[in-house]
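Numbers in the numbering used here are just positions in the sequence shown, counted from 1, shifted up by 576. We put the beta carbon where it would ideally sit given N, CA and C, even for glycine.
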Amino acid sequence: MFGLITLQLMWISWLFLPEPLKRSALFLFIAAELLMPIWVRSEQFDNWHPRHIAERYGLLTIIVLGEGILGVSQTILHFLINPTYSAAAILISGLALVALLFSVWWLYFSIPFDDILDEERRRHDFVSFGYGHFFIFTALAGLGSTLKLVTEVIDETGQHRS
577 MFGLITLQLM
587 WISWLFLPEP
597 LKRSALFLFI
607 AAELLMPIWV
617 RSEQFDNWHP
627 RHIAERYGLL
637 TIIVLGEGIL
647 GVSQTILHFL
657 INPTYSAAAI
667 LISGLALVAL
677 LFSVWWLYFS
687 IPFDDILDEE
697 RRRHDFVSFG
707 YGHFFIFTAL
717 AGLGSTLKLV
727 TEVIDETGQH
737 RS
């Protein structure tokens, strides 16, 4: 609890820092934010439930995949508005993009994270699970943003750039 309060006070104090110090303080505060769970974990054993943690990360993954759904829907909408695309091209593109997102969803949820966390719990080393998800969330958000950017490039040029 002390660590959480300290971090919150640090972020509040950041608002009142002079502009030249804000950037260096930002990096220091981010490092403290990332290292705090490791420090707290070494001091005490928190009471947590592996299935609950896995469910929370799964729900956040679904939210991040929503960015991909937004990109797919924007791409399909662009194809529908532009009369140069045939219905077959729209259908094939839409199905392929949705299949891509659903396969990513299926791959993520085919991994039994609750069992993995239960094993990690015994070893008191679950921090790597949380920090490992940073890369998963980044990749999924990047996929959704890429689908959106493809539509914007097609919209600007009128054709796909190679």
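Grouping DSSP H, G and I as helix and E and B as strand, with all else coil, what is residue i?
i    : result
W587 : helix
I687 : coil
M577 : coil
R737 : At R737 the pLDDT is 49, less than 50, meaning the model places this residue with poor confidence and gives no usable figure here.
F592 : coil
Given a cut-off of 9 Å on the beta-carbon distance, is the pair residue i and residue j in contact?
i    : j    : result
E609 : L719 : no
T637 : L673 : no
L723 : G670 : no
A601 : L593 : yes
L641 : L716 : yes
Where residue i and residue j are concerned, what is the direct C-alpha to C-alpha distance, given to the nearest angstrom?
i    : j    : result
F713 : V680 : 12 Å
I588 : A607 : 16 Å
L693 : H628 : 10 Å
S704 : S662 : 47 Å
E595 : F605 : 15 Å
L585 : F603 : 16 Å
T542 : H654 : As shown, the chain starts at 577 and ends at 738. That puts residue 542 outside it, with no answer to give.
G708 : I657 : 40 Å
Along the chain, where does the alpha helix (DSSP H) containing residue i start, and where does it finish?
i    : result
Y661 : That residue, Y661, is in no alpha helix (DSSP H); it is neither H nor E in DSSP.
L635 : P626 to I657
So is the beta-carbon of residue i under 8 Å away from any non-hydrogen atom of the ligand ZN?
i    : result
D694 : What this structure holds is no ligand at all, so the ligand ZN is not there to describe.
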